[in-house]
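K.L.:
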Amino acid sequence: MEIPITIEERDVYTTASIGVVFAAKDYSTASDLLRDADIAMYRAKTNGKARYEIFDGEMHRQALKRMHLENDLRRAIDCQEFVLHYQPIVALDTGYLVGFEALIRWQHPSYGLRYPGDFIAVAEEIGVITSISYWALRTACQQLVTWQTTFPDLPALKVSVNLSSQDLRRCDLVEEIDRILAQTRLPATCLTLEITESMLIDDIESTIVMLTQLKEKGIQISIDDFGTGYSSLNYLHRLPMNNLKVDRSFVNQMQEGKKNHRIVETIATLSHQLELVSIAEGIETSQQLEWLQQLGYKFGQGYLFSKPLSQDVVEELLETTNLYLFP
């Protein structure tokens, strides 16, 4: 395969990903051998391509696990097994609650509560992530309206909802958000959509047009996990954004005078120059809070204030009317 093929006086180079399986007494049909060789081949592709992998029992277990996960995910959508938890977002100058980030959880009937890292990537691969995203968006908007009605002294609360890269490619995204806001009667100014910077690379021009339409409706747009993906200042200043959210990995490792502290400081400066609001994730210590305040961060979230809360616990919090969440 390494020898190039000459086509019309041009050399064409090819590579191969190879899956190998050894025949054994456990195999009774050729199709079983081909199935496991296929599993090994896809492992070779996953591990970098242009290589070979030899099938083993662990690959078979992983393949079965993946198959069960896919089936369970499709059932979860039909049976409405997903729930939202809400992490408070706090104004760092006053310590008061200003809103929540809606975080999806899967209440699996056999394995209990499962977190996004366990299933979001698979949901994207099998094409069901948009159904989950739209459900989360509709549920979060309806829940915030319910809280605003129950607690009329808190009309300014906002909710942030994460979108996936596949959501941004949907031609009906703007119409679906319009429909959800109309059905729930949530003011557009109370909704923030969060997207990661790595999602912006594909078809940036269309993304700018779509995000501009959403922002013109009063919806806020945040770049989430900023600093972990690929950023280009060439288009960053053109994006219709409201907020930059610095990734928790930088905040967690902040040390004064060290590299991560300077990165967090640089993001704050960039936010100011682009006239964006800077938000910090993953705040866990009073020292981190003090540094972020000194650097000019406006809002933050993290275990120092509160972990993500269930709907019932949020309502208990709102009933206290003491929304000062500084430790």
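Counting in the working numbering, the sequence shown runs from 688 upward without gaps. Cβ atoms here follow ideal geometry from the backbone N, Cα and C, with glycine treated the same way. Computed from a predicted structure; not experimentally measured.
1) Starting from the C-beta of His795, find all residues in its chain whose C-beta is less than 8 Å away, skip the five residues before and the five after it, and write them out in chain order.
2) So, under 8 Å CB-CB, Asp912 and Thr956 are touching, yes? Tell me the CB distance rounded to an integer number of Å.
3) So what does Pro927 bridge to, in DSSP terms?
4) Does Ala808 come out as helix, strand or coil in the three-state DSSP assignment?
5) Taking a contact to mean a Cβ-Cβ separation below 8 Å, would you say Leu979 touches Gly987 in this structure?
6) Taking just the CA atoms, how far does Leu931 sit from Leu923?
7) From Lys732, Ser718 and Val1000, pick the residue whose C-alpha is nearest to that of Ala703; which is it?
8) Based on DSSP bridge pairs, tell me the residues matched to Val770.
9) What do you reckon, are the CB atoms on Glu788 and Ser847 nearer than 8 Å?
10) In three-state DSSP terms, what is Ala731?
11) Could you spell out the range, first to last residue, of the alpha helix (DSSP H) harbouring Val832?
12) Starting from Glu740 and walking both ways along the beta strand (DSSP E), at which residues does that stretch end?
13) Per the contact definition of three or more C-beta pairs closer than 8 Å, is the region 870-883 in contact with the region 902-911?
14) Need the endpoints of the beta strand (DSSP E) that Ala967 sits in, please.
15) Which class does Arg697 belong to by DSSP, given the choice of helix, strand or coil?
16) In whole angstroms, what is the alpha-carbon distance linking Val785 and Glu903?
17) Going by DSSP, which residues form a beta bridge with Ala1011?
18) Figure out for me which residue from Ala810, Ala875, Cys828 and Ala827 has the closest Cα to the Cα of Asp854.
19) Give me the residue from Ala710, Ser936 and Arg738 with the minimum Cα distance to Met688.
20) Measuring straight from C-alpha to C-alpha, what distance separates Asp743 and Leu790?
21) Can you check which of these residues, Glu892, Ser818, Lys845 and Pro842, is closest to Leu860 by C-alpha distance?
P.N.:
With the structure as the only source:
1) Within the sequence shown, residue 795 is the residue found at index 108, counting from 1. Closer than 8 Å at Cβ, skipping near neighbours: Asp759, Ala763, Glu768 and Arg801.
2) Within the sequence shown, the letter at position 225 stands for residue 912. Within the sequence shown, the letter at position 269 stands for residue 956. So it is not a contact: roughly 19 Å between Cβ atoms.
3) Counting from 1 along the sequence shown, the entry for residue 927 is found at position 240. Answer is none; Pro927 lacks a bridge partner.
4) Here residue 808 refers to the residue found at position 121 of the sequence shown. Three-state DSSP puts Ala808 in a helix.
5) Walking along the sequence shown from the start, residue 979 turns up at place 292. Walking along the sequence shown from the start, residue 987 turns up at place 300. Cβ distance < 8 Å, so Leu979 and Gly987 count as in contact.
6) Counting from one through the sequence shown, the residue named residue 923 turns up at place 236. Counting from one through the sequence shown, the residue named residue 931 turns up at place 244. Taking the straight line from one Cα to the other gives about 11 Å.
7) The sequence position of residue 703 within the sequence shown is 16, counting from 1. Comparing Cα-Cα distances from Ala703 to each of Lys732, Ser718 and Val1000, the minimum goes to Lys732.
8) Counted from its first residue, the sequence shown places residue 770 at position 83. Its beta-bridge partners are Arg792.
9) Numbered from its first residue, the sequence shown carries residue 788 at position 101. Numbered from its first residue, the sequence shown carries residue 847 at position 160. It is a contact, given that the beta carbons lie within the stated cut-off.
10) Taking the first residue of the sequence shown as position 1, residue 731 is located at position 44. Looking at Ala731 - three-state DSSP - the assignment turns out to be helix.
11) Along the sequence shown, one-based indexing puts residue 832 at 145. Note, Val832: alpha helix (DSSP H), Ile816 to Thr837.
12) Locating residue 740 in the sequence shown gives position 53, where the first residue counts as 1. Looking at the DSSP string, the run of the beta strand (DSSP E) that includes Glu740 is Tyr739 to Ile741.
13) yes
14) Numbered from 1 along the sequence shown, position 280 holds the residue referred to as residue 967. Note, Ala967: beta strand (DSSP E), Val964 to Ala967.
15) What you label residue 697 is simply residue 10 of the sequence shown in a count that begins at 1. Three-state DSSP puts Arg697 in a strand.
16) Taking the first residue of the sequence shown as 1, we reach residue 785 at position 98. Taking the first residue of the sequence shown as 1, we reach residue 903 at position 216. Cα to Cα, Val785 sits roughly 22 Å from Glu903.
17) By one-based count along the sequence shown, residue 1011 stands at place 324. The identity of residue 1011 in the sequence shown is Tyr, whereas the question assumes Ala. Looking at the DSSP assignment, Tyr1011 forms a beta bridge with Tyr783.
18) The residue given as residue 854 occupies position 167 in the sequence shown. Comparing alpha carbon positions, the residue from Ala810, Ala875, Cys828 and Ala827 closest to Asp854 is Ala810.
19) Translated into positions along the sequence shown, residue 688 becomes position 1. Cα-wise, what sits closest to Met688 is Arg738.
20) Numbered from its first residue, the sequence shown carries residue 743 at position 56. Numbered from its first residue, the sequence shown carries residue 790 at position 103. If you take the alpha carbons of Asp743 and Leu790, they lie about 37 Å apart.
21) Mapped onto the sequence shown, residue 860 falls at position 173. Considering only alpha carbons, the answer is Ser818.
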